[in-house]
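In UniProt numbering, the protein residues as written are 1 to 298.
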């Protein structure tokens, strides 16, 4: 663990800024300053919020002259470029500090590999699994950045581990752990929404061939708790921004959903849900979680 931490910390210091990191850092600052979740909305806010947190304690300059609250264009990259221009070479030090604040994400993945490997095949397997994580070039390389990849992998592993333990031995403590881990995974990477259909299938499939008696009703309540906790933690990460918005009031800007091609700044469309019976149904997720902006056309 010490060697892995040292390697990632050193890489965090040595790597030059990547394009995505500039956008993540500006979006994180925008979250702390304006509570605006529209910046870098293609990924949830957990990692960039953590990455930008130390800048609140460091004297720095900001340039928000071209910032448009809730804009439908990808402005985080321009804002990030302006941040680096405003702070000059000092911005490199700030980026390193932000990267170091994200070190816990890779350590979570390391610990999960070690513990899960031990549970499956003993101590030696845990050490081997941890070793693969520690010295993987991909893990070290991405772990040194403030992008969401390593956090997504680590917290996704954590969620899978706790859910598998719940499947093996359903009880309330493990249900709470799996639900919390699910929420954190969803806050790290939008890709983990696939767990919503996958986990019910895994639960049902794991019970069909089983010869062991199960209290299905009790497990069903615990499973609902897991999903409910995950959704609520996801909403909490977005400060419940737009949660409960009726589907008919959602505004779409992408060509497939809006139903027509829009120019930058064009008026959105609510066509996908307006006029349908379910248009009054409330959205259980944060409104900003949906990447409804016209990324492809811009």
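Every residue gets a Cβ at the ideal spot worked out from N, C-alpha and C, and that includes glycine.
{"Check": "The stretch 22-29 in contact with the stretch 76-85 per 3-pair CB rule at 8 Å", "Outcome": "yes"}
{"Check": "Residue 61, DSSP secondary structure in three states", "Outcome": "coil"}
{"Check": "Residue span of the alpha helix (DSSP H) that contains residue 18, given as start and end", "Outcome": "Neither: residue 18 is in no alpha helix (DSSP H) and is coded neither H nor E."}
{"Check": "Top-ranked residue by Cα proximity to residue 233, from 182, 131, 61 and 172", "Outcome": "182"}
{"Check": "Rounded separation between residue 147 and residue 229 - CA only", "Outcome": "25 Å"}
{"Check": "Cβ shell of residue 151 (< 6 Å), same chain only, five flanking positions each side left out", "Outcome": "47, 105 and 188"}
{"Check": "Contact under 7 Å by Cβ, residue 223 with residue 203", "Outcome": "yes"}
{"Check": "Burial state of residue 120 (16 or more Cβ within 10 Å)", "Outcome": "exposed"}
{"Check": "Environment of residue 124 [buried if 16+ CB atoms lie within 10 Å]", "Outcome": "exposed"}
{"Check": "Rounded distance between the beta-carbons of residue 29 and residue 99, thought under 8 Å", "Outcome": "Rounded, the Cβ-Cβ distance is 15 Å, inconsistent with contact."}
{"Check": "Length of the line joining the Cα atoms of residue 50 and residue 209", "Outcome": "43 Å"}
{"Check": "7 Å Cβ shell around residue 180 - same chain, five flanking residues per side excluded", "Outcome": "229 and 233"}
{"Check": "Buried versus exposed call for residue 296 [16 or more other C-beta atoms within 10 Å across all chains shown]", "Outcome": "Low local confidence applies: a pLDDT of 37 at residue 296 is under 50, so the model's placement there is unreliable, with the coordinate-based value given in what follows. So residue 296 ends up on the exposed side."}
{"Check": "Residue 101 versus 221, 8, 200 and 32, residue with shortest Cα-Cα distance", "Outcome": "8"}
{"Check": "Where residue 47 falls: helix, strand or coil (DSSP)", "Outcome": "helix"}
{"Check": "Whole-Å CB distance - residue 185 paired with residue 155, under 8 Å assumed", "Outcome": "4 Å"}
{"Check": "At least three beta-carbon pairs within less than 8 Å, the stretch 134-142 to the stretch 57-65", "Outcome": "no"}
{"Check": "Candidates 52, 41, 96 and 83: closest to residue 73 by CA position", "Outcome": "41"}
{"Check": "Cα-Cα separation between residue 206 and residue 168, rounded to whole angstroms", "Outcome": "9 Å"}
{"Check": "C-alpha distance - residue 126 paired with residue 115, whole-angstrom precision", "Outcome": "6 Å"}
{"Check": "The alpha helix (DSSP H) enclosing residue 218, as first and last residue numbers", "Outcome": "216-237"}
{"Check": "Any alpha helix (DSSP H) of 4 or more consecutive residues that is wholly inside the stretch 126-153", "Outcome": "137-143"}
{"Check": "Bounding residues of the alpha helix (DSSP H) (the contiguous stretch that carries residue 192)", "Outcome": "Neither: residue 192 is in no alpha helix (DSSP H) and is coded neither H nor E."}
{"Check": "Selected residue, minimal CA-CA separation from residue 195, among 159, 36, 85 and 93", "Outcome": "159"}
{"Check": "DSSP three-state assignment for residue 169, whether helix, strand or coil", "Outcome": "coil"}
{"Check": "Proximity to residue 235 [Cα-Cα], best of 16, 44 and 31", "Outcome": "44"}
{"Check": "Nonlocal neighbours in the same chain, by C-beta distance under 8 Å from residue 216, ignoring five residues either side", "Outcome": "207"}
{"Check": "Rounded separation between residue 220 and residue 36 - CA only", "Outcome": "37 Å"}
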